[in-house]
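S.K.:
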Amino acid sequence: MENYTADNQDSASKRRGRPRVANKKKQYTLTMRPDMYIQAREEADRRGISFSALIANALVEYLDK
180 MENYTADNQD SASKRRGRPR VANKKKQYTL TMRPDMYIQA REEADRRGIS
230 FSALIANALV EYLDK
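Structure below.
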């Protein structure tokens, strides 16, 4: 039978749980006019995507120009 030391417990506990996400997203706060938010929210709903996805897609498109 193996004796568990702090080292054994540390390595075993590192393997438990969900695997780490390679490119984890981070949450940010954004300020905009209420009318812009309403328009963006409606556009996201029309496209069937989240508000966050709409903003991220728009930013990627803007930065790629």
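Numbering (the working numbering), first residue to last: 180 to 244. Think of the CB as a built atom: it goes at the ideal place given N, C-alpha and C, for glycine as much as any other residue. Being a predicted model, the structure only gives us computed values, none of them experimental.
1. Please report the distance separating the alpha-carbon of Asp243 from that of Ala237.
2. Just verifying my parser: in three-state terms, what is the DSSP assignment at Gln206?
3. Quick check on this structure: which residue in Pro198, Ile234 and Gly227 has the alpha carbon closest to the alpha carbon of Met215?
4. On the DSSP letters alone, give me the boundaries of the alpha helix (DSSP H) that Met215 sits inside.
M.R.: Result, derived from the coordinates:
1. Numbered from its first residue, the sequence shown carries residue 243 at position 64. Numbered from its first residue, the sequence shown carries residue 237 at position 58. Taking the straight line joining both Cα atoms gives about 10 Å.
2. For the purposes of this step, residue 206 is taken as the residue at position 27 of the sequence shown. Coil.
3. If you number the sequence shown from 1, residue 215 lands on position 36. Taking only the C-alpha atoms, the option nearest Met215 is Ile234.
4. As a working note, residue 215 is residue 36 in the sequence shown. First-last of the alpha helix (DSSP H) with Met215: Pro213 to Arg226.
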